[in-house]
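A quick write-up on the structure given underneath.
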Ligand code: NAD
Ligand code: UGA
């Protein structure tokens, strides 16, 4: 039996430890966080994050071998293995501001571990970190000399995606474990492999050196985001040429070398990680004096920004070059379906841009309105939050689909159309609706990477989204 601790009870620390505790009843798993509200929510029936399957998984292990606490120091002292899953956002100040990873919470955890440890421990990098962070971690932790206490650092990045986190953790494509090639390093890697072997097939557990593991995480996110920017770049060309981006994606995706996933054109990628991890990769390349490599990856971000602002420009130009005073219903606040997370959500950026155009914005979402209100900050005062999409669309000039919630595809658009101001516009930023049918109902339909279906003849039909 081992005492496993996770520092950081967020979108990663929480679900990851829930699944470890569920599959390892022999181990005691404690998740700590300095955010008392978050810990209280983990202890309650109203979990702090919305994630399909999470409630059921929590019920299996909580109170049995899974515990949540704010007493970070006590649990550090008791732990054998410490996962560190704190936030590592983009630095907003000083050197590297806007690009480099902000490692202050990470380093604080390391110092706290050092201060409260009286026994040897394995310290696991669960957060996404710049390559070679483990070196600094080793240096800090072993700065005091051994005094009989030894720390082994393991890199074990997390690849779960929000909205499918439980499935991703239960059946991961792979678990990656990076460690040192020393006797105690190899032993630490083995201990980690033994934990995951409780439910992950051996052939899916990969071991590498520390630096490969750290860099693989940044690289995986960069490649995934790159695919989205690539298809979004092609969507712009489709709109000029009457090619259909869904048909193009399907055609290229059937090539087994390309593969069909992550080719869904959209309003752009969001979420807390793609942007920050690519910016971090760019910063690292600049740091290692590789400007061409940095510029290559930076373009993935630039294309994403372009896709978002292009969406708003096309809305404005389709609606006769002004949206001032017009009610516009935004369907979706979450950065993707099946999550309440609105961090870096394209929906909120589009919301802000429409407010700048003086539109009367109404935001609806089945799970993300609370987070949206917080993340929008001051701008929230100028937005109407409406949980019912039918009410949101009433008397609106336009609807924009910004999150691919299944619920939005299943609405009665005939009823919605009747209650809207005419001409009524619909902008499908996720390509989840039946565009031909909407057009037949009377909507002017604009979808990403497709020719618009309008009732204006040809003059206004060439712009697309
Ligand atoms: P998060 O902000 O939801 O959670 C981090 C938590 O750490 C917060 O609750 C914060 O209060 C806590 N914390 C910070 N410093 C602390 C300290 N010293 N002691 C105790 N608690 C502390 O972040 P997240 O989305 O869970 O991401 C965590 C890490 O995992 C990041 O590095 C991220 O890049 C990575 N990651 C995230 C995802 C994802 O889907 N969100 C997926 C893979 C990897
Ligand atoms: C992503 C990765 O998929 C995870 O493997 C990784 O662990 C995680 O980042 C992380 O490090 O945080 P996540 O951001 O939760 O997971 O969600 P994704 O499914 O990757 O979607 C990211 C964004 O891209 C969303 O806004 C989504 O709508 C968009 N997207 C995705 C598209 O626009 N098109 C696609 O084809 C796929």
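In the numbering used here, the protein residues as written are 46 to 510.
The C-beta atom is built at its ideal place from N, Cα and C for all residues, glycine as well.
Exercise for the section: Tell me whether residue 204 counts as near the ligand UGA, meaning its Cβ is closer than 6 Å to at least one heavy atom of that ligand. Expected result: yes
Problem - Assigned exposure category for residue 489 - 16 Cβ within 10 Å defines buried - result: buried
Exercise for the section: Tell me the start and end of each unbroken beta strand (DSSP E) in the region 353-396 that is at least 3 residues and wholly inside, in chain order. Expected result: 372-376
Practice task
Compute every distance between the C-beta of residue 325 and the non-hydrogen atoms of the ligand NAD, then say whether any falls below 6 Å.
Solution key: no
Problem - First and last residue of the uninterrupted beta strand (DSSP E) at residue 514 - result: Not covered by the structure: residue 514. The range shown for the chain is 46 to 510.
Exercise for the section: Measure the alpha-carbon distance for residue 156 versus residue 312 and round it to whole angstroms. Expected result: 41 Å
Exercise for the section: Using beta-carbon positions only, say whether residue 114 and residue 77 come within less than 7 Å of one another. Expected result: yes
Handout entry: Span of the beta strand (DSSP E) around residue 251
Key = 250-254
Handout entry: Check whether residue 373 and residue 267 have beta carbons under 7 Å apart
Key = no
Handout entry: Which listed residue (172, 202, 67 and 364) has its alpha carbon closest to that of residue 112
Key = 67
Problem - Extent of the continuous beta strand (DSSP E) to which residue 223 belongs - result: 220-224
Handout entry: CA-to-CA distance, residue 475 to residue 487, given in whole angstroms
Key = 20 Å
Problem - According to DSSP, residues forming a beta bridge with residue 114 - result: 77
Handout entry: Reduced DSSP secondary structure (H/G/I, E/B, other) of residue 413
Key = coil
Problem - Selection from 233, 221, 227 and 257 that minimises the alpha carbon distance to residue 246 - result: 221
Exercise for the section: Taking only heavy atoms of the ligand UGA into account, decide whether any of them is closer than 6 Å to the Cβ of residue 315. Expected result: yes
Practice task
Check whether the Cβ of residue 311 sits closer than 6 Å to any heavy atom of the ligand UGA, and report yes or no.
Solution key: yes
Exercise for the section: Tell me the start and end of each unbroken alpha helix (DSSP H) in the region 285-331 that is at least 4 residues and wholly inside, in chain order. Expected result: 290-298
Exercise for the section: Could you check what DSSP says for residue 162 in three-state terms: helix, strand or coil? Expected result: coil
Problem - Given 8 Å, three or more beta-carbon pairs between the region 193-201 and the region 164-171 - result: yes
Exercise for the section: Could you tell me whether any non-hydrogen atom of the ligand NAD is closer than 6 Å to the CB of residue 318? Expected result: yes
Practice task
With DSSP as the reference, please indicate the residues paired to residue 498 in a beta bridge.
Solution key: 490
Practice task
Provide the residue(s) that pair with residue 170 in DSSP beta bridges, ordered along the chain.
Solution key: 129 and 200
Practice task
Taking only runs that begin and end inside the region 88-114, name each unbroken alpha helix (DSSP H) of 4 or more residues, in chain order.
Solution key: 99-106
Exercise for the section: Take residue 97 and list the residues in its own chain whose beta-carbon comes closer than 8 Å to its own, dropping the five residues that flank it on each side. Expected result: 208, 209, 211 and 383
Practice task
Since I believe residue 387 is in contact with residue 401 (beta carbons under 8 Å), could you give me their beta-carbon distance rounded to a whole number of angstroms?
Solution key: About 19 Å; that fails the 8 Å criterion.
Handout entry: Buried versus exposed call for residue 328 [16 or more other C-beta atoms within 10 Å across all chains shown]
Key = buried
Exercise for the section: Evaluate residue 366 with the Cβ neighbour count: other Cβ atoms within 10 Å of its Cβ, from every protein chain shown; 16 or more gives buried, anything less gives exposed. Expected result: exposed
Problem - Sufficient close CB pairs (3 or more, under 8 Å) joining the region 337-352 to the region 419-433 - result: no
Problem - Cβ contact check for the region 122-136 and the region 149-165: 3 or more pairs under 8 Å - result: yes
Practice task
Tell me where the beta strand (DSSP E) around residue 466 begins and ends.
Solution key: Taken as a continuous stretch (DSSP letters only), residue 466 belongs to no beta strand (DSSP E), as it is neither H nor E.
Problem - Residues near residue 440 in its chain [Cβ-Cβ closer than 8 Å; skip 5 each side] - result: 372, 464, 465 and 466
Handout entry: Own chain residues within Cβ distance below 6 Å of residue 427, not counting five before or after
Key = 400
Handout entry: Cβ-heavy atom distance, residue 150 to the ligand NAD, below 6 Å
Key = yes
Exercise for the section: Kindly indicate which three-state DSSP category residue 483 falls into: helix, strand or coil? Expected result: helix
Practice task
Below 6 Å CB to CB, which residues in the same chain sit around residue 305 once its five sequence neighbours on both sides are set aside?
Solution key: 298
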